[in-house]
Amino acid sequence: MRLSPGAHRAVRFTVDYGGLIAFLVGFFAFTGRDLVAATWWLVGGSAVSLLIGLALERRIAPIPAISGGAALFFGTLTLIFQDETFVKIKPTIMNAIFGGVLLGALAFGKSPLKMMIGSALAMPDEAWRKLTINYGLYFLAVAALNEVVWRTQSNEVWVLFRMPGLMILGLVFSFAQVPLMMKHMRKAEVPPPPPAD
Numbered sequence: 162m163r164l165s166p167g168a169h170r171a172v173r174f175t176v177d178y179g180g181l182i183a184f185l186v187g188f189f190a191f192t193g194r195d196l197v198a199a200t201w202w203l204v205g206g207s208a209v210s211l212l213i214g215l216a217l218e219r220r221i222a223p224i225p226a227i228s229g230g231a232a233l234f235f236g237t238l239t240l241i242f243q244d245e246t247f248v249k250i251k252p253t254i255m256n257a258i259f260g261g262v263l264l265g266a267l268a269f270g271k272s273p274l275k276m277m278i279g280s281a282l283a284m285p286d287e288a289w290r291k292l293t294i295n296y297g298l299y300f301l302a303v304a305a306l307n308e309v310v311w312r313t314q315s316n317e318v319w320v321l322f323r324m325p326g327l328m329i330l331g332l333v334f335s336f337a338q339v340p341l342m343m344k345h346m347r348k349a350e351v352p353p354p355p356p357a358d
């Protein structure tokens, strides 16, 4: 099925954030602020979001697939063991993995960011290295911040930190990377004009 650009963006948003929005709504509106009960909403919302993406786009991008799969995994553990710790540590573990993979790949001369989005953004390798370091450190900082928030704050504060807090933080961080990307973006090479006769 061919989607319009607006419909494609709506599907992407649903796949990326549908589970978390369901979790937020379930926690505050339908479960008496019971985190374990709200996890049913997270698991259901994540499953539906992934199925919508798969049905309409015939594929799911790697990062949303990993995040959605992790939400299903940690959500299921929360429900099986009736222990909210599992759903709370999911952002810590996933962000630590993302940060570790990005920074670890650099040690082997690889840039996962360039492999994923390099075709859309032409920059020299040094710029990709800087961007990869920035994102790697960002993910590790988010992992540490999640640990502080869930261990020191109420469930209400943690749920709001999780959504929309981390989404807003991610957008602000990404916008802060725009000057770096703009500075290093290569101009499309235009062939020289033919010599005048």
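Read left to right, the sequence shown gives residues 162 to 358 (my numbering).
We put the beta carbon where it would ideally sit given N, CA and C, even for glycine.
| query | Does the segment 296-303 touch the segment 250-258, meaning 3 or more C-beta pairs lie closer than 8 angstroms? | reply | yes
| query | What is the DSSP secondary structure of serine 272, counted as helix, strand or coil? | reply | coil
| message | Under DSSP, the alpha helix (DSSP H) around leucine 292 begins and ends at which residues? | response | 286-313
| task | Compare the beta carbon distance of alanine 183 and tryptophan 202 with 8 angstroms and say whether it is the shorter of the two. | result | yes
| task | Use the C-beta contact count for threonine 246: other C-beta atoms within 10 angstroms, 16 or more gives buried, fewer gives exposed. | result | exposed
| request: Return yes when at least one heavy atom of the ligand HEM lies under 7 angstroms from the C-beta of tryptophan 311, else no. | output: Looking for the ligand HEM in the displayed structure turns up nothing, as the structure carries no ligands at all.
| query | Taking Cβ positions, are methionine 346 and alanine 281 nearer each other than 8 angstroms? | reply | no
| DSSP state of glycine 193, grouped into three classes? | coil
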